[in-house]
Structure formats: structure tokens, C-alpha cells
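Presented below is the structure to which this report refers.
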Amino acid sequence: MGRARGLQTPPSWRALGYWAYAYKRTWRGSLATSFLFPILYLAAMGIGLGSLVDKHTHTIDHVSYLYFIAPGLLASTAMQIGTNEATYPVMGAIKWIRTYFAMLATPLSVTDVLLGTLSWIGVRLAIVSGIYLSVIAAFGVVQSPLALLAFPAAVITGLAFTAPVAAFSATCQNDQWFSAIYRFGVIPLFLFSGTFFPVSQLPAWLRPVAYATPLYHGVTLCRELVLGQVDWPLLPVHVGYLVALIVGGYLVARVTFRRRLIT
Amino acid sequence: MAGTSTGDSPRASSATGSTATGSTATDLTLTRPSPLVTARGLVKRFGDFVAVDNIDFDIEKGESYGFLGPNGAGKTSTMRMIACMSPLSGGTLRVLGMDPATQGPSIRSRIGLVPQEDSLDLELTVLDNLMIYGRYFDLPRNVIRERAERLLDFAQLTDRAKDKVDPLSGGMKRRLTIARSLISAPELLILDEPTTGLDPQARHLLWDRLYRLKQEGVTQIITTHYMDEAEQLCDRLAVMDHGRFAAEGSPRELIDRFATREVLELRFRIDGQQAAAAAVEDLADRTEELPDRLLLYTDDGDSALRQVHERGLRPESAIVRRGTLEDVFLRLTGRTLVD
């Protein structure tokens, strides 16, 4: 078949195309949830609980509780989506639907398959984060044009979970590990990484643990950018930590995917 | 597109069509009538287990080549190596003149694979499955749509195009998997146990489709543990056992060489079989005792049966049948194909 080389769609994009195609069957519900969740959370925690918090303390870190919690929830949501999408869908593509094996019978390689999966999750994170930010803006929380940068910040926060979790999922024989990831990973991070209260409220010995979690850096980045109060010297640390997890996770995933898919 | 292909041809372009426009092909091996697939000393190991143990074969353009053997004989491992989905543990392999180790994507863009386990997306529609798969080959959407229409017709799934895959019958899913593997107009089609688990009607329909493809010049490699399937579909086949070739040839040759023209099958009461076996041994070229019946290999089954009766033996049932690949396998390995 004489198709001109050079006009090719990159193979990893073709793999991404599968996920986009498959998303057609769930996008309505998925988008509705993406709008509904931040609205519910911000209404209940930000305004409901927040009015109580503000009455007693006036401010946390010099802002009202709604302002404090909104960007934190953005980062936490990115973590949850980034983790979820790297568990069941990856296992499904290996074990249940066997999508990866269908792809590998075509010109696509393991790297293409992996990059397609990760970049699709990146697209999902971008959609969800975009919606979340617009809801936050509607609640009047956005304080600075820097908030636009919270969008890529949320995406890399999510991917910092996606890449290592995908690497792990490729080694799992069944899905019981995923509830463990949730119970012992996602939920504790959600509660203790600075989303709901400043890490400085933790006992001194626990604070270094919180600083070591990726979510802490994601929450801090998103909060500083949305509120326009950026601690510039520390910004590269937050970004660097998250990017290092993405790159490290990707490199490990290349090995675990290959080991699982090529026998 | 060559004018030789008819409207209902499932293939988008014939192999001859591509050689006519193949002035850009720099690969000289394609212009020589060399085999499509060549393996020498092919080995596949999983840890200590040797799945494929030093086999050689050549598969020519246009033929249907089969790997016949029981489960665990190494057929699928061989198949996956040819499909460039599994690295060799030893030996050399050339597919379409290329090396699977370094040119996997180029090879895979020219072959179609029907894996043993379907990998269809059950939640998507029949047509979507073809569209997605075609995109993996980077085919333009309009080309895929055009081919999909013809392939659905070929697979007799046109009226199910907009339905989800999940509720389709096993035979329909299998036909869809075959249609999907043809979306890239492959020169070589690899079918790993194409009809395992299907009812007889579905199998015959599938065989008919594969026969049509063969007539259109698509080279096929088929693994099966059904001897009737091997006889129906394969020009040439390798009988495989424990990762090795026990024999190779056309079904007719193999039967002539390792079985007899006819086989007399006798069933005795279980407790009487052993004594009967001793009593009829000299009536055939060879006898074989299975748990539930006695096989007498002879060129004249009826006369052997007459002599059995003359000796006063009264089997509970007696059938004279043609020698088959099952007999070949039994002769070569001492075991039956399907337990």
C-alpha cells in the first residue's frame, strides 16, 4: 500500500485514538460528574463547613475557607482521576478486553501502547481540570491570572500518580490491589496532604511525611496559582518533584508493560 | 486497484496489484519467488520449559499452511513468533523477507492476526471495532469505512454493523475478528485456532469464508487441534507434538505415509477388549488399542470385518472409515489429538 511516509500519524496517537473512541460511550455521564462534583464539594465544604471555620478562625493562611479548599480539591480530584484511570482501564486492556494485545498485533509497539494510555489520561485530566477551574471561577475564588497555570499544574499532579500507578497495574494479576491503593494511598493523601487544612497543623514528626507526598506539592502549586500568592523560589521544587514522578513512573512502566505484554 | 478484483472481494487490493505498482519496493527478496516465512532452528523457551524445540519450515506465497497438534504442542508460541508478538529464544526467522526482531512494525503492518482469544471491544459496535483497528494501521477513515462495508458483507455481519459486539454469538465474534484482521489488506493471515469452541454450523461457515480468502490468494497460517479442520483448510501441514515436528506434508501424503486407506473401528465390552485385540492382531497392517475402541489399519476394512466375524468375535459395534489425520497423529505420537 503506497502511503507516503512522513504523513503518518504517530503510532502513539493512534493508540490514544482508541481511548478517545471508547470514551464516546461514557462521555455524557463523565462530563456531568465533572461539573457536579466540584459544585457539591465547594457548596458543602467551602460554603457550608467554611462558614463555620471562618466564624471561629476568620482565616486560614489569610484567606477564607472556601478560597483555601477550592484549589486543594482541584489537585485532589486530579489525583483521583489520575489514579483511577491507571488502574481498572489498564488492567482491562491487559486482561478483560485485551485491547493492548489487539494493538500489539498491528504496527504499534509497547511504547506506543503505553504512551497512548498515558496521554489519554492526560487528556482526561485536562478536561476535568478545565471544568473544575471554571467552577472555581464561578464561585468567585480565582484571584489572579496565574490561575490559568493551575490548569497544567493540576494535569501534572494527576499524571504524577498516573505513571507510577500504571506501572504497578501492569504487574497485577487481579484487581484486589486497586482497593488497597485507594484505602492506603489515595484516601490518606486526600485527607492529610493539605487539601482540608494546612500541613502545619500536623504534629511536627508527621509533617515531613506530608511534604514527601506528591499530592502536597500538587495542592500547594494549585493553591498558590489560583490565589495568586506564589512562593516563587519553591515553585521549581513542586514542579520538579511532580515531573520526576511522571518520568520515573513512565520509565518503570515501560519495563512492566513490556514484561507483561511481550512473552 | 487492479481490475481483476471483483466487487465483492473482501480484500482492498490484491497482492498482484501491489507488485505492479511496486517500483518503489527496494526489497529484492520480494521479487524472487522466495518463501513468505522461513524458520531455521526456531526455539521458544519460557524459563526452563521449551515450548518450541528447534523447528524448520518454509511457507510459500498463496498456500494454506497448518500446524496440527494437541494443546501445549507449541503451535501458539510458533504463531506468536511469526506475528512478531513474541521474541525468539533461538534460531532464525524471516517473515516477508524481514527480521521480526528489528522490523516488527513493518512486518505487522502487512500481516493479519486472528488470535486464539478474541480481543474485540465488547462495549463498542461491530463497525467501531473495525474503525478503531483500521486506525492502528493509520488507514484514512474513508478507506476503512469502505473496506469495513465489504468486510462486513464478507463476514455476513452487515445487519449487525451498528450493534454492540457483546451479545453476538461466538461464531459471529470469530467472523468479526477475521474481518478485523483483514482491514489492512494483509498479504499473510495468521489464524490461531480459528474455530475452537464453535458449533459445527458456525465452523462450516467459517471454513467457507477462509476458503474464499485462499482463492483470492491470501496466504494463510492456521493452527488447530481439529484434524477435520486441518484436512479442510490446509494445503500442507506440520504435525506438532512437544514443540517438535513429528511430520510435515500435505494431508493426503501424511495419511498415505502414516495411516492406511481404511480403518476398522471395533468396540467391545470393556472387559473383553484386551482378549479381542490379541485375536484380531494379524488381520491388519497395524492395530491400535484405545481405552474405548480398537483400531485396525488396513486397506480393506470390509474384508477385515468379515474375518473378525468369521473368527466368531461379536463386537458391540463396528465401523469402516477412511484413514484420517487423527490416525496419523496417533501413529506418530501414540496419543489422540483431543482428549
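Just so you know, the sequences run in chain order U and X.
Using my numbering, read the first sequence as starting at 6 and increasing by one per residue.
Using my numbering, read the second sequence as starting at 85 and increasing by one per residue.
Glycine included, each C-beta is placed from N, C-alpha and C at the ideal position.
Output the distance between the C-alpha atoms of residue i and residue j, rounded to the nearest integer angstrom.
i	j	result
residue 229/U	residue 207/X	42 Å
residue 114/U	residue 122/U	12 Å
residue 146/X	residue 271/X	9 Å
residue 132/X	residue 225/X	46 Å
residue 322/X	residue 261/X	25 Å
residue 296/X	residue 275/X	15 Å
residue 127/U	residue 153/X	46 Å
residue 310/X	residue 259/X	18 Å
residue 417/X	residue 267/X	39 Å
residue 196/X	residue 255/U	30 Å
residue 385/X	residue 340/X	15 Å
residue 17/U	residue 318/X	37 Å
residue 220/X	residue 241/X	22 Å
residue 175/X	residue 164/X	15 Å
residue 215/X	residue 230/X	10 Å
residue 220/U	residue 43/U	18 Å
residue 124/U	residue 175/U	17 Å
residue 68/U	residue 239/U	20 Å
residue 91/X	residue 171/U	Since pLDDT at residue 91/X reaches only 40, below the 50 mark, its modelled position is unreliable, and the value read off the structure follows with that caveat. Roughly 46 Å separates the two Cα atoms.
residue 188/X	residue 112/U	7 Å
residue 35/U	residue 189/U	25 Å
residue 95/U	residue 414/X	44 Å
residue 113/X	residue 184/X	A caution first: residue 113/X carries a pLDDT of 49, below 50, which makes its placement in the model unreliable, though a value can still be read off. Their backbone Cα atoms lie some 15 Å apart in a straight line.
residue 166/X	residue 306/X	12 Å
residue 357/X	residue 134/X	38 Å
residue 193/X	residue 107/U	13 Å
residue 212/X	residue 20/U	14 Å
Does the distance from the C-beta atom of residue i to that of residue j stay below 8 Å?
i	j	result
residue 278/X	residue 198/X	yes
residue 151/U	residue 235/U	yes
residue 34/X	residue 27/U	Outside the shown range of chain X (85 to 423) lies residue 34/X, about which nothing can therefore be said.
residue 47/U	residue 71/U	yes
residue 226/U	residue 252/U	no
residue 169/X	residue 109/U	yes
residue 257/U	residue 161/U	no
residue 166/U	residue 138/U	no
residue 236/X	residue 269/X	no
residue 381/X	residue 369/X	yes
residue 397/X	residue 364/X	yes
residue 304/X	residue 273/X	yes
residue 383/X	residue 345/X	yes
Residue i: buried (16+ other C-beta within 10 angstroms of its C-beta) or exposed?
i	result
residue 151/X	buried
residue 93/U	exposed
residue 179/U	exposed
residue 355/X	exposed
residue 399/X	buried
residue 130/X	exposed
residue 330/X	buried
residue 302/X	buried
residue 249/X	buried
residue 91/U	buried
residue 120/U	buried
residue 159/X	buried
residue 139/X	buried
residue 253/X	exposed
Applying a beta-carbon distance threshold of less than 9 Å, which residues of chain X neighbour residue i?
i	result
residue 106/U	169, 199, 201, 203
residue 22/U	216, 219, 220
residue 14/U	219, 222
Quick one: list the residues of chain U neighbouring residue i, beta-carbon separation under 9 Å, in chain order.
i	result
residue 208/X	26, 27, 29, 30
Using the beta-carbon of each residue, which ones in chain X are nearer than 7 Å to residue i?
i	result
residue 93/U	The contacting residues do not exist; residue 93/U stays about 13 Å from chain X at best.
residue 103/U	201, 203
residue 19/U	219, 220, 222
What residues of chain U sit near residue i, judged by a beta carbon separation below 7 Å?
i	result
residue 221/X	111, 112
residue 189/X	112, 114
residue 432/X	Nothing in the structure corresponds to residue 432/X, since chain X is present only between 85 and 423.
Just checking: is the beta-carbon of residue i within a distance shorter than 8 Å of some beta-carbon in chain B?
i	result
residue 132/X	Of the chains in the structure shown, none is chain B; the protein chains are U and X.
In chain X, which residues lie with their C-beta within 8 Å of the C-beta of residue i?
i	result
residue 99/U	Simply none; closest approach about 11 Å.
residue 267/U	169, 170, 171
So is the beta-carbon of residue i under 7 Å away from any non-hydrogen atom of the ligand SAM?
i	result
residue 193/U	Absence of the ligand SAM from the depicted structure is noted, as is the absence of any ligand whatsoever, leaving it without description.
Ignoring anything shorter than 4 residues, give me the alpha helix (DSSP H) runs that lie fully in the stretch 132-164 of chain U, in order along the chain. If we require 4 residues or more, the stretch 132-164 of chain U turns out to have no alpha helix (DSSP H) run fully inside it.
Runs of 4 residues minimum, wholly inside the stretch 148-172 of chain X: which ones carry the alpha helix (DSSP H) assignment? Within the stretch 148-172 of chain X, the alpha helix (DSSP H) runs of at least 4 residues that lie entirely inside it are, in chain order, 159-166.
Fully enclosed by the stretch 173-252 of chain U, which alpha helix (DSSP H) runs are 4 residues long or longer? 181-186, 192-197, 212-217, 219-232
Note down, one range per segment and in chain order, each alpha helix (DSSP H) of at least 4 residues found wholly within the stretch 182-222 of chain X. 184-192, 210-220
If we require 3 or more residues per run, which beta strand (DSSP E) segments fall completely within the stretch 244-309 of chain X? 272-276, 303-308
Note down, one range per segment and in chain order, each alpha helix (DSSP H) of at least 4 residues found wholly within the stretch 348-381 of chain X. 357-364
What alpha helix (DSSP H) runs, 4 residues minimum, are completely inside the stretch 13-79 of chain U? Within the stretch 13-79 of chain U, the complete alpha helix (DSSP H) runs of at least 4 residues are 16-28, 32-46, 55-62.
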